[in-house]
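Q: My numbering puts the first residue of the sequence shown at 2, with every later residue one more than the last. Cβ coordinates follow ideal geometry from the N, Cα and C atoms, glycine included. Sharing a structure, written as structure tokens. Questions coming.
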Amino acid sequence: MAMQERAVRTRNALIGSAAELFSRDGFEAVSLSAISARAGVSNGALHFHFPSKAALAAGVRAAAAERFRRIVSAERPPPQLGGSLQALVDTSHALMQGLCRDVVLRAGFDLGDSVEAAGRGEDLYAYWHSWVEDTVVRSAREGLLSDVPPRDLAATVVGATVGFAALGSHDVRWLSRITLTRFWALLLPRIASPPALRLVAASGRRAEVG
């Protein structure tokens, strides 16, 4: 059991170190020896867990996908607190905060732009797009939207949040709650039905309801 726990710690250390270096320097520029040195393990231990840099990138993306699933699987607010439309707002805030604070999550998204790493592991951008589309459709079914076409709204939300994520890699203010609250405060009056507009909080409710 002790050996198994040590192996898990080593694997997690390698994933964390790789995520930090990939996020800082880019996938192509980072060497396996730099990753193993940062993690404090031997090159042999690295190759035991990950036979190649691409395999390590896939491990980072898998770890990021697990954290991303926890963000999007949070319980949706009840109808009296905005239902699926509030869930969309809340989850976008949680994602931006996760990208700001969690280097593994951030690297998981960044690795989708790498030619060599692409295709290994889950495409988090596609996952996010699918989740947003599903939630927008749910919002329409719940009567929370005006006459805005759901597909257009989903494209707007995904485009804005992915843009904030990209800009946030250079300036974390793009990932702040203030920035996203301003976006939702501008958008909600144009897409929410009048009853929903009185319910949905642009700043998010997830923190308020725990």
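Hey, how far is the Cα of Gly17 from the Cα of Ser147?
A: To locate residue 17, count along the sequence shown from 1; it is residue 16. To locate residue 147, count along the sequence shown from 1; it is residue 146. Their Cα atoms are separated by approximately 43 Å.
Q: Is the region 84–94 touching the region 126–141 in the sense that three or more CB pairs, one from each, lie closer than 8 Å?
A: yes
Q: Output the distance between the C-alpha atoms of Gln5 and Ala75, rounded to the nearest integer angstrom.
A: Mapped onto the sequence shown, residue 5 falls at position 4. Mapped onto the sequence shown, residue 75 falls at position 74. Roughly 31 Å between the two C-alpha positions.
Q: Note down, in chain order, each residue of its chain lying with its Cβ closer than 6 Å to the Cβ of Pro151, except the 5 sequence neighbours on either side.
A: Here the question's residue 151 lines up with position 150 in the sequence shown. Excluding residues within five positions, the ones whose Cβ falls inside 6 Å are Val137, Val138, Ala141.
Q: Pick helix, strand or coil for Ala58, following the three-state DSSP scheme.
A: Translated into positions along the sequence shown, residue 58 becomes position 57. Note: Ala58 maps to helix in three-state DSSP.
Q: So, for Ala119: in the same chain, excluding its five sequence neighbours on each side, which residues have a beta-carbon less than 7 Å away from its beta-carbon?
A: Taking the sequence shown and counting its residues from 1, one reaches residue 119 at position 118. Per-residue confidence for Ala119 stands at a pLDDT of 49, beneath the threshold of 50, marking its modelled position as unreliable; no derived number is given.
Q: Hey, out of Ala193, Ser37, Val158, whose CA is closest to Phe184's CA?
A: Position 183 of the sequence shown, counted from the first residue, corresponds to residue 184. Comparing Cα positions, the closest option is Val158.
Q: Can you find at least 3 beta carbon pairs, one from the region 54–63 and one from the region 20–38, that sit closer than 8 Å?
A: yes
Q: How far does the alpha helix (DSSP H) with Phe165 in it reach, from first residue to last?
A: Position 164 of the sequence shown, counting from 1, holds the residue named residue 165. First-last of the alpha helix (DSSP H) with Phe165: 151–169.
Q: For Ala127, which option in Leu145, Cys101, Ala155 has the closest C-alpha, if you only look at C-alpha atoms?
A: Here the question's residue 127 lines up with position 126 in the sequence shown. With distances taken between Cα atoms, Ala127 lies closest to Ala155.
Q: Indicate the three-state DSSP secondary structure (helix, strand or coil) for Ala197 in the structure shown.
A: Within the sequence shown, residue 197 is the residue found at index 196, counting from 1. Ala197 falls in the helix class under three-state DSSP.
Q: In chain order, what residues of the same chain have a beta carbon less than 7 Å from the beta carbon of Val201, not counting five sequence neighbours either side?
A: Counting from one through the sequence shown, the residue named residue 201 turns up at place 200. Once the five neighbours on either side are set aside, the close Cβ partners of Val201 are Gly83, Leu86, Gln87, Val90, Leu189, Ala193.
Q: How many angstroms separate the CA atom of Ala108 from the CA atom of Ala19?
A: Start at 1 with the first residue of the sequence shown, and residue 108 comes out as number 107. Start at 1 with the first residue of the sequence shown, and residue 19 comes out as number 18. Distance between the alpha carbons of Ala108 and Ala19: 9 Å.
Q: How many angstroms separate the CA atom of Ser163 from the CA atom of Val73?
A: Start at 1 with the first residue of the sequence shown, and residue 163 comes out as number 162. Start at 1 with the first residue of the sequence shown, and residue 73 comes out as number 72. The question names Ser, yet the displayed sequence has Val at residue 163. Going by the C-alpha atoms only, they are around 15 Å apart.
Q: Name the DSSP bridge partner or partners of Leu146?
A: If you number the sequence shown from 1, residue 146 lands on position 145. In the DSSP output, where bridge partners are listed per residue, Leu146 has Ala193.
Q: Give the straight-line distance between the Cα atoms of Arg207 and Arg62, rounded to the nearest whole angstrom.
A: Indexing the sequence shown from 1 puts residue 207 at position 206. Indexing the sequence shown from 1 puts residue 62 at position 61. Roughly 25 Å separates the two Cα atoms.
Q: Output needed for Val116: all residues of its chain with C-beta closer than 8 Å, excluding positions within five of it in sequence on either side, in chain order.
A: Counting from 1 along the sequence shown, the entry for residue 116 is found at position 115. Because Val116 sits at a pLDDT of 44, beneath the cut-off of 50, its placement in the model cannot be relied upon, and the point is left open.
Q: Can you give me the C-alpha to C-alpha distance between Ser32 and Val42, rounded to a whole angstrom?
A: Counting from 1 along the sequence shown, the entry for residue 32 is found at position 31. Counting from 1 along the sequence shown, the entry for residue 42 is found at position 41. Approximately 14 Å between the Cα atoms of the pair.
Q: Once you ignore the five residues that flank Cys101 on each side, which residues in its own chain have a CB closer than 6 Å to its CB?
A: Counting from one through the sequence shown, the residue named residue 101 turns up at place 100. If we look at Cys101 and ignore the five residues flanking it on each side, its Cβ neighbours are Val173, Leu176.
Q: Excluding the five sequence neighbours on either side, which residues of its own chain have a C-beta within less than 7 Å of the C-beta of Arg77, listed in chain order?
A: Counting from one through the sequence shown, the residue named residue 77 turns up at place 76. Around Arg77: Gly84, Ser85, Ala88.
Q: Is Ala64 near Val105, with beta carbons less than 8 Å apart?
A: Counted from its first residue, the sequence shown places residue 64 at position 63. Counted from its first residue, the sequence shown places residue 105 at position 104. Going by beta carbons, Ala64 and Val105 fall inside the 8 Å limit.
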